[in-house]
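J.:
In our numbering, the protein residues as written are 105 to 199.
(1) Report yes if the CB atom of residue 138 is closer than 8 Å to the CB atom of residue 165, and no otherwise.
(2) At which residue ranges does the stretch 158 to 199 contain complete beta strand (DSSP E) runs of 3 or more residues, listed in the order of the chain?
(3) Just how far apart, CA to CA, sit residue 199 and residue 133?
(4) Below 7 Å, is the gap between the Cβ of residue 165 and the nearest heavy atom of the ligand SAH?
(5) Given a cut-off of 8 Å on the beta-carbon distance, is the pair residue 168 and residue 136 in contact?
(6) Does the distance from the CB of residue 162 to the CB of residue 148 come in under 8 Å?
(7) Would DSSP call residue 134 helix, strand or coil?
(8) In the DSSP assignment, the beta strand (DSSP E) including residue 200 goes from what residue to what residue?
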């Protein structure tokens, strides 16, 4: 009886933690533009939800707007990227 209780306790404890493949991740929405500057046009997107599922369309370019939500519903932030460098906005071109 003690052995069965010990095995059950270990199984119950282990089942409380998510497996690495299904662990909660940050939600990231990457929006890609054809160019920088005020006349830019969205040409692609990669969206990854907090379960790790990804949906994408269009083209990946050097001009990116990245929305990140910590976990599922945590703090949100927006960053901008040009040619691999983080910039303050996509309104001014650096590359």
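From the three backbone atoms N, C-alpha and C, an ideal C-beta is built for every residue, glycine too.
T.: The answer reads as follows:
(1) Taking the chain shown and counting its residues from 1, one reaches residue 138 at position 34. Taking the chain shown and counting its residues from 1, one reaches residue 165 at position 61. Result yes, Cβ atoms of residue 138 and residue 165 sit closer than 8 Å.
(2) 158 to 162, 167 to 173, 180 to 186 and 189 to 191
(3) Counting from one through the chain shown, the residue named residue 199 turns up at place 95. Counting from one through the chain shown, the residue named residue 133 turns up at place 29. Distance between the alpha carbons of residue 199 and residue 133 is about 23 Å.
(4) Here there are no bound small molecules, and the ligand SAH is not part of this structure.
(5) Taking the chain shown and counting its residues from 1, the one referred to as residue 168 is at position 64. Taking the chain shown and counting its residues from 1, the one referred to as residue 136 is at position 32. Yes. Within cutoff.
(6) Counted from its first residue, the chain shown places residue 162 at position 58. Counted from its first residue, the chain shown places residue 148 at position 44. Cβ atoms of residue 162 and residue 148: closer than 8 Å.
(7) In the chain shown, residue 134 corresponds to position 30, counting from 1. Strand.
(8) An answer regarding residue 200 cannot be provided, because it is not within the stretch 105 to 199 covered by the chain.
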